[in-house]
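A short write-up of the structure that comes next.
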Amino acid sequence: MNPLTGYLLLSALLFSIGLAGALTRRNAILVLIGIELMLNAANLNFIAFWRYGPNPAALTGVMFTIFSISVAAAEAAVGLGIILAVYRHAKTTDLDQMNSMKG
Amino acid sequence: MTPETIDQIFVLSKGWLLGYVLAALQPIGSAILSVVPVLVVFPLLFAITTVLERKGLGRIQNRYGPNRVGPYGIWQPIADGIKSLTKEDIVPRTADQVVHFLAPLLLVLAAFLAYAVLPIGKNMVITNLNAGLLFFFAVGSMVELAVFMAGWSSRSKYSLLGAMRAVAQMISYEVPLVLASIVVIMASGSLSTVDIVNMQATYTGIWPHWFLFTPWGFAGFILFMIAATAESNRAPFDLPEGESEIIAGYYIEYSGFKFALFFLGEYLGMFATSGLAITLFLGGWAAPFSFLTWIPSYLWFFLKLLTLIAAFIWARGTFPRLRMDQLMGLAWKFMLPMTLLNIFTAGVWHFMPTGISRWLVCTFLIVAPWMLLSRGLKQRKKLQVRTYRFAE
Amino acid sequence: MTVSFLILAALTIAGTAAAMSLRNLIHCVLTLTLGFVGLAMLYLQLGAQFVGFTQILVYVGAVAILAVFAIMMTQSVGPHVQPALSSFWVPGSVVASAVFAVLAWAICSGATSVRTPPQHDVSVNQIGDALMHKFALPLEIMGLLLTAALIGAVILAMPEKKGEQ
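Protein chains in written order, with numbering that gives the first Met the number 0: chain A, 0 to 102; chain B, 0 to 391; chain C, 0 to 164.
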């Protein structure tokens, strides 16, 4: 088992932990945190492939990760703004109670 | 003993001591020998600063400082240390025990980590990271989390309020802090602190090449120092911990040794940002004139550090505290545009030919917006004529 | 599979698993921060210094604090205000385990060579060069995106005017 497989397995495990959190938790903020975790797992994938890949001098993995971190930070800010706006309207962050558009 | 030997005495003694270590343990031994002096010297400096600050503040406020414990009160830190070590450690019953315990540890850890990239003398840096400046700012941003942990875990309204204000203030002032150091990165072309100092350690005639002696460097230094004062929650930006406003803010429920750790963390953060200001703008360990290079480099660093600490103490005793909205307004409405204009001015400086014209253009580019901004941001209040009524 | 990788991996997994399963939301964010720091150290071990420090600066210094502020403002802290798990948690966990199983099978059965290329130390100069020449367009688009996100977040979180109820 070479190091690349180890990093990829770790990244897959982090991704599925984030996915489990995003799918099973009731609070909206925790779902957002789960999404952040999934993005982080993908970043780890990028860096692992950059390090053990064929052409590290092209810096593609590092660049992609830098842009991914910026996008994730912006998305966290906007997502939390949305959660605040919804909380102001519905007075709760419980996702099970936000079913007014259902059916 | 030539001046070079005295200058490099710590480097040479470390190399001599490493000769006695086994070859397999060399990396660990080298790391320990580099780190232990920093762990010893800066808390010692903290102890000296506490007594200097209290004496200095006392004199500014027309009173003696502490003068009981030793001649002129110099053994006061020992008394303070004994007091904080032997005081009872009270933790509120409803407080979050784990987070309450970890908050001062995280603060002190983050403050100590920042010293890893400061060059204290020639060839005397713990690690020469390629992205050293980014490491410093990354570690500095961990302090905010520690402050929030301290305030929230105490489950007290005053501490939570103080923590929220402190975190908001620190986040707001982190932006001008980083932007003010970008001009130095632009001028030196490197994020490594050692490279930045080496670029400033040369002389034309007797004048040094410090970045302070350029228009953008001077403005950047002043903006950096204001932002550093706000980052360390020092006066005049100490509303989150003001003793007369909300008692003690986020460390109100801490007593004894943990309170001392908070104090230590705050002062160490102040020293670290002063050290970074010295590295970026004041030439690090370089002497001010070329005929003074026989004085060892580490002595110059500590001399400059003590000067900046004296300036901090002076500012604390002189200025009144800023209100929260004034504080935030200063960060976002004044310092952010000024730092962005400073970056533009540094670019103009780089591309203009050397001579008096670029001095005039760059100085104008900084002074004119400063005047316009400060005039424009003044609150126009129509104040009535003061009348006095005496009790009869 | 060095010892340092195993320790850091264990730290990261512990932090993130705790983040997704604790009841107290602030504890969730604090353990998540531990996971982020573990990830940053993994990046440093892989030789990406700039990315590792940026991860600490952005995630620990900004995203975690943002999450904490949002938790404070939505008052989701308190003695068990709501049940922790959603009513659809069984299908959710099944899906997550299935995803992990498929990914792990794909990784372990993929053809990967055994040789390890030598460490390539990337300097910040090279990153700056790449940003200015090869990746200039993504950089400009990122600036536009961040401006839009900044303005959008401020507008979303602004309190509504009382007269428009």
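Where is the CB? At the ideal position from N, CA and C, for every residue including glycine.
- Fewer than three beta-carbon pairs drawn from the region 62-74 of chain C and the region 38-54 of chain C are found closer than 8 Å, and the two stretches are therefore not classed as touching.
- Straight-line measurement puts the Cα of Gly14 of chain B at about 37 Å from the Cα of Asp128 of chain C.
- For Val174 of chain B, same chain residues with a beta-carbon under 7 Å away, outside a window of 5 residues either side, are Leu335 in chain order.
- Bounds of the alpha helix (DSSP H) holding Val50 of chain B are 25-59.
- In this structure, Gly60 of chain C keeps its C-beta atom at 8 Å or more from the C-beta atom of Glu3 of chain B.
- Only residues of its own chain outside the window of five on either side were considered, and among them Pro214, Trp215, Thr344, Val347, Trp348 have a CB closer than 7 Å to the CB of Cys361 of chain B, listed in chain order.
- The criterion of a C-beta distance shorter than 8 Å is satisfied by Thr338 of chain B and Leu178 of chain B.
- Taking a 10 Å sphere around the C-beta of Leu21 of chain B, we find fewer than 16 other C-beta atoms and assign the residue as exposed.
- In this structure, the beta-carbon distance from Phe300 of chain B to Ile119 of chain B falls below 8 Å.
- Residue contact with chain B for Leu21 of chain C: absent (no Cβ-Cβ distance below 8 Å to any residue of chain B).
- For Asn26 of chain A, the secondary structure class from DSSP, reduced to helix, strand or coil, is strand.
- The straight-line gap separating the alpha-carbon atoms of Met148 of chain B and Cys27 of chain C is approximately 13 Å.
- Distance from the CA atom of Arg58 of chain B to the CA atom of His119 of chain C, rounded to whole angstroms, is 57 Å.
- Contacts between Met141 of chain B and chain C, judged by CB atoms closer than 8 Å, involve Ile55, Val59, Gly60 in chain order.
- Under the Cβ criterion of 8 Å, Val2 of chain C is not counted among the residues facing chain A.
- By the criterion of a C-beta distance shorter than 8 Å, Asn129 of chain B is surrounded in its chain by Leu190, Ser191, once the five residues flanking it on both sides are discounted.
- The Cβ of Ile34 of chain A sits no closer than 8 Å to any Cβ of chain C.
- Of all residues in the region 144-163 of chain B, those with a C-beta nearer than 9 Å to a C-beta of chain C are Leu144, Phe147, Met148, Trp151, Ser152, Leu159, Met163, reading in chain order.
- For Ser69 of chain A, the chain C residues whose C-beta falls within less than 7 Å of its own C-beta are Met141, Leu145, listed in chain order.
- The straight-line gap separating the alpha-carbon atoms of Leu12 of chain A and Phe99 of chain C is approximately 6 Å.
- Between Gly5 of chain A and the set A:Gly33, A:Asn26, A:Ile46, A:Leu18, the nearest pair of CA atoms involves A:Ile46.
- When the alpha-carbon of Asn61 of chain B is set against those of B:Trp358, B:Gly316, B:Ile181, the nearest one is in B:Gly316.
- Where Gly37 of chain C is concerned, the enclosing alpha helix (DSSP H) starts and stops at 24-44.
- The beta carbons of Trp284 of chain B and Val166 of chain B sit about 34 Å from each other, so the pair does not count as a contact at 8 Å.
- Collapsing the DSSP output to three states places Trp358 of chain B in a helix.
- The Cβ-Cβ distance between Val50 of chain B and Ile81 of chain B does not fall below 8 Å.
- In the displayed model, Tyr157 of chain B falls within a helix according to three-state DSSP.
- Secondary structure at Met123 of chain B: strand, using DSSP grouped into helix, strand and coil.
- According to DSSP, residue pairing for Tyr202 of chain B in a beta bridge involves B:Pro207.
- Contact between the region 122-138 of chain B and the region 286-294 of chain B is absent: fewer than three C-beta pairs spanning the two stretches fall below 8 Å.
- Per DSSP, the continuous alpha helix (DSSP H) segment holding His99 of chain B begins and ends at 96-112.
- Around the beta carbon of Val366 of chain B, fewer than 16 other beta carbons sit within 10 angstroms, so the residue counts as exposed.
- Annotation: Leu108 of chain B to Lys101 of chain A spans about 50 Å, alpha carbon to alpha carbon.
- Taking 9 Å as the cut-off between beta carbons, the residues of the region 16-48 of chain C near chain B are Asn23, Ile25, His26, Leu29, Thr32, Val36, Ala39, Gln48, in sequence order.
- For Tyr266 of chain B, the enclosing alpha helix (DSSP H) begins and ends at 256-279.
- C-alpha of Ile16 of chain A to C-alpha of Ala286 of chain B: approximately 55 Å in a straight line.
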